[in-house]
Each structure stands twice: as structure tokens, then as C-alpha cells.
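Input: a single structure, listed below in C-alpha cells.
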Amino acid sequence: KEFKNKIIDEVLDAFKIKRSLSMKGCPYDNAVAEATFKIIKTEFTNNTHFENLDELQMNLADYVNWFNNYRIHSTLGYLSPVEFREHNLIKTV
Numbered sequence: 001k002e003f004k005n006k007i008i009d010e011v012l013d014a015f016k017i018k019r020s021l022s023m024k025g026c027p028y029d030n031a032v033a034e035a036t037f038k039i040i041k042t043e044f045t046n047n048t049h050f051e052n053l054d055e056l057q058m059n060l061a062d063y064v065n066w067f068n069n070y071r072i073h074s075t076l077g078y079l080s081p082v083e084f085r086e087h088n089l090i091k092t093v
């Protein structure tokens, strides 16, 4: 029962991290995050081996930059997240 683990609770408290969980029986509470994690697993980590933590961190930073600035998303009207945000900020100003 990972969600009732005392050690995890203590670590989260020590770093002042608030746990965010879906309500029991409602898997759609965090659908966007779950979809994003699936994309990262299939596009970034699939069949990839990293020699060390530094290599992983560097590659992940590059991937996140690409994902946010260049990868188009159908749910965002085929814009990147940055383009979508800028487009919507212009409309609200």
C-alpha cells in the first residue's frame, strides 16, 4: 500500500511536498498528467539506457524543452504548449 506508507509521508512532509491523488474510484481526476506521463514513457524512455544520472537529467531537460516548445499537441489545436499559451494570452489581453 504505497499511498499509506509512513516513510513516504515523512519524506513528503520533510520537503513540504503536498501529495496529489485522484479521488478513490475516479481515475479521470488527473487525466492530463497521466497522459503526459504515458507520452514521456513511450517517447523519451522507451528502450533507452542512461549511463548515469547526469546523462538522464541532461537528456530529460532537452526532451522537456522540445516537448514544450516544438512538439505539437492535437488537444491544443496542433500547437506546442508554449505557442498555445502565448496564443491564449494574446486573446485575453
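The opening position of the sequence shown corresponds to residue 1 in UniProt numbering, with each subsequent residue numbered one higher. Don't be surprised by glycine CBs; every beta carbon is placed ideally from N, CA and C. Model, not experiment: these values are computed from the prediction.
For histidine 73, DSSP records a beta bridge to Leu79.
The beta carbon of threonine 75 sits closer than 8 Å to no other beta carbon from its chain once the five residues preceding and following it are set aside.
Residues of the same chain with a CB within less than 7 Å of the CB of isoleucine 72, apart from the 5 flanking positions on each side, are Tyr78, Leu79 and Ser80 in chain order. Distances from the alpha-carbon of lysine 41 to those of Glu51, Leu21 and Val64 put Val64 closest.
In this structure, the CA atom of glutamate 43 is about 21 Å from the CA atom of glutamate 83. Where isoleucine 40 is concerned, there is no enclosing alpha helix (DSSP H), because DSSP gives it neither an H nor an E. Following the DSSP letters along the chain, one finds glutamate 10 inside the alpha helix (DSSP H) bounded by residues 6-14. Of the other Cβ atoms in all chains shown, 16 or more fall within 10 Å of the Cβ of phenylalanine 67; this residue is therefore buried.
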